[in-house]
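Written out below as structure tokens is the structure these notes cover.
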Amino acid sequence: MTLIEFSWWLGMPESGGKQVPHLDWIFVSQQSKRSGVATLMLEDVVRMLRSKGHKYLASSFVTDNTESMQWHWRNGFVMGRQPYGASQPVRLVP
Numbered sequence: 010m011t012l013i014e015f016s017w018w019l020g021m022p023e024s025g026g027k028q029v030p031h032l033d034w035i036f037v038s039q040q041s042k043r044s045g046v047a048t049l050m051l052e053d054v055v056r057m058l059r060s061k062g063h064k065y066l067a068s069s070f071v072t073d074n075t076e077s078m079q080w081h082w083r084n085g086f087v088m089g090r091q092p093y094g095a096s097q098p099v100r101l102v103p
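For the sequence shown, my numbering assigns the number 10 to the initial residue and increments by one for each residue that follows.
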């Protein structure tokens, strides 16, 4: 996971200059796909971020990777606009 500046997204609440964590990758073995392992890993990350005061978690996926896109949607990510017009999934850390 890397941290990126919050200001990369337009139309989201101000964060007081804090950085937003960016989830780079979650990999599971072929045998573990569709078993909930990646979602459990994500929930651990979200709990840790919440305990550190973060409000958002950003992520990304290749647009033609429908499996990854669907995983993001199932796990509460929504699209956040970036200044140069691209979109990137962002999840609220409740």
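No residue lacks a Cβ here, since even glycine has one placed at the ideal position from N, Cα and C. These numbers were taken from a predicted model, which means no experiment stands behind them.
- Between the segment 38–45 and the segment 64–74, the count of C-beta pairs closer than 8 Å stays below three; the two stretches do not touch.
- In this structure, the alpha-carbon of Arg56 lies about 22 Å from that of Met78.
- Within the same chain, Asn84 come within 7 Å of Thr48 by CB-CB distance, once the 5 residues on both sides are set aside.
- A direct Cα-Cα distance of roughly 18 Å separates Arg100 from Val46.
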